[in-house]
Structures are given as structure tokens and as C-alpha cells.
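Below is one structure; the comments refer to it alone.
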Amino acid sequence: MSIFVNIRFINKLSVPFQKGSLLFLLFLCCFSSVAQRKDIKTVAGDCENGNALVIYKNGDRYDGFFKDSLYDGQGMLRLKSKEYYEGTFSKGFYDGDGYLQLPNKDIYEGSFKAGLYDGKGTLTEYKGRVYTGRFLKGKMNGAGSISLPNGDKYIGSFKEDEIDGYGEYYSQGYLTNGLFRKSKLINGKIVNLETQEFVTFTNGKPNSSVQNFPDSVSSGVRKLTIVNVIPKK
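Here the numbering used here is used: the first residue of the sequence shown is 6, the next is one more, and so on.
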């Protein structure tokens with residue numbers, strides 16, 4: 006098989022990572038009204054402006070501070086859906102440093118703003134994939150890294166949940182590094198770390214040296230792509 010057939014996989018790096026966050030975002034849509042729910046079973050403390058333990062009829066419970074009847078300050082929220090959050094709140098939203106476990110067992114630990122991942126944090130999927138780095142308004146933005154259970158790893162820059170900027174990806178003895186735009190390798194190269202043979206890219210296309218890259222690495226080139234690291238939505 007021609008190396009040109011396999012090289013196309015390198016040039017299609019689709020990103021979004023936070024599939025587990027979809028449940029989280031749906032939860033946030035109704036989150037601001039949770040503190041004002043009327044299905045309260047028991048209350049111990051001041052749930053208007055103070056510290057209180059509130060247990061709802063469906064089993065949800067909040068233990069922490071309130072302000073104007075909204076979760077505000079340090080608190081712990083445990084939902085019947087098995088969603089669990091411990092950290093700081095502001096006006097009913099996750100805001101500040103916190104720990105969130107989603108019903109699918111994905112875990113986020115880091116900074117929140119207005120209910121979204123924002124700042125530095127780590128998102129760990131139950132199946133073992135991990136992103137550590139910067140978030141902005143719920144999306145990967147800035148410097149970060151993604152690692153897979155099989156040992157593959159990308160370290161570099163992200164923008165709007167896309168690999169964007171300079172970075173490098175290691176996989177099974179191959180290294181891709183260079184400049185990416187919207188998860189596409191623009192300028193850089195792919196190196197076989199054992200033989201030091203490489204393929205270079207300029208303006209998003211492999212140059213003539215690709216002909217010197219042996220067909221025997223085709224399976225390795227395919228593994229090298231970030232398609233498996235950050236799959237399509």
C-alpha cells in the first residue's frame with residue numbers, strides 16, 4: 006500500500022474530548038434552580054443565608070453555604086443520578102476550585118467559572134483517557150496534554166477543543182511535532198525514533214521526502230494520528 010494512502014490519516018486530526026461533559030452541561034442548564042426547589046424533605050441550618058444540610062425528597066442532598074437561597078460558598082452536592090460535586094459555588098453554579106464526578110464515572114478536578122470548566126484542571130475519563138491543562142468556558146484552550154491507556158501522549162497547544170498551535174505527539178515509537186491548525190498538521194514532521202527516518206509537512210502537505218519513508222511503517226503511521234486520541238463528536 007502506498008504511503009500516501011496512509012499519510013492522509015495524519016492530516017485529519019479531529020478533536021472534541023469531553024463527551025462525558027455532555028451530561029454535565031445538560032445538568033447545568035437546570036442547575037441554577039436546584040437550590041430553590043420546593044421538594045425539600047429535611048433542612049438542618051439556614052438555607053437562605055448561612056450553612057445548612059438540605060435533603061430533597063428524591064434523595065438529592067446539599068451540605069454547605071447559601072446566599073439568597075442559592076448555593077454560594079463551600080459545599081457538597083450529591084444527586085440521585087450519582088453526580089457528585091465538592092468545592093465552591095457562586096450564585097448556584099460551580100465556581101472556583103472543585104471536584105466533579107459525573108454519572109458515567111468521568112472525573113474533573115480543577116477550576117470552574119459560572120458552571121463551566123475554566124482555568125487549570127484535569128479531566129479523567131473512566132476508560133483511562135486523561136486531559137490536563139487549561140480550559141476556557143468549558144473547552145480546552147491553551148497549554149495541555151492528553152494521554153491514552155496504551156501510552157500514547159500529546160503535549161502542546163489547544164484552542165476551542167482543537168489541537169491548535171505547536172505540539173508533539175508520541176505513539177508506538179513515532180513522534181509527530183510541529184504547528185497544528187484546527188487539529189491539522191501544517192508545518193512539521195513525523196519521525197521514526199528507531200531509524201530516525203522522517204516525513205516533513207509544509208503548508209499542510211507532505212513534501213517529496215515522503216517517498217523515502219518506508220511502506221513498512223504504514224501501520225505505525227496510522228497509529229500515530231490523533232484520530233484515536235481525540236475522536237470526532
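Ideal placement from N, C-alpha and C gives every residue a C-beta, glycine not left out. For clarity, every value in this text was computed on a predicted model and none was experimentally measured.
Short Cβ contact (8 Å threshold) for residue i with residue j
i, j, result
"Phe94", "Asp100", "yes"
"Leu75", "Tyr90", "no"
"Lys158", "Tyr131", "no"
"Lys96", "Asp77", "yes"
"Gly133", "Glu114", "no"
"Tyr136", "Ile112", "no"
"Phe206", "Asn197", "no"
"Lys62", "Lys85", "no"
Three-state secondary structure (DSSP) of residue i
i, result
"Asn192", "strand"
"Glu91", "strand"
"Glu53", "coil"
"Lys144", "strand"
"Gln106", "strand"
"Leu121", "strand"
"Gly2", "A question about residue 2 goes unanswered here, because the residues of the chain that appear run from 6 up to 238."
"Leu58", "strand"
"Ser150", "strand"
"Ser86", "coil"
"Gly101", "strand"
"Ser208", "The sequence given here has Asn at residue 208, not Ser. In the structure shown, Asn208 sits in coil (DSSP, three-state: anything other than H, G, I, E or B)."
Span separating the alpha-carbon of residue i from that of residue j
i, j, result
"Asn212", "Gln201", "17 Å"
"Ile60", "Gln79", "17 Å"
"Glu173", "Gly149", "11 Å"
"Arg66", "Lys210", "55 Å"
"Gly92", "Lys194", "43 Å"
"Tyr175", "Glu167", "18 Å"
Limits of the unbroken beta strand (DSSP E) element including residue i
i, result
"Arg83", "Leu75 to Arg83"
"Ser116", "Ile112 to Lys118"
"Glu167", "Glu167 to Ser176"
"Leu180", "Tyr179 to Arg186"
Rounded distance between the beta-carbons of residue j and residue i, thought under 8 Å
i, j, result
"Leu58", "Gly50", "6 Å"
"Asp73", "Asn56", "Contact flag wrong, Cβ pair sits at about 14 Å."
"Leu153", "Tyr171", "Wrong, their Cβ atoms sit about 21 Å apart, outside the cutoff."
"Lys164", "Asn146", "6 Å"
Any non-hydrogen atom of the ligand HEM within 7 Å of residue i CB
i, result
"Gly161", "Of the ligands one can find in the structure shown there are none, so the ligand HEM has no counterpart to examine."
Neighbour flag for residue i against chain B, beta carbons, 8 Å
i, result
"Gly143", "Of the protein chains in the structure, only one exists, and it is not chain B."
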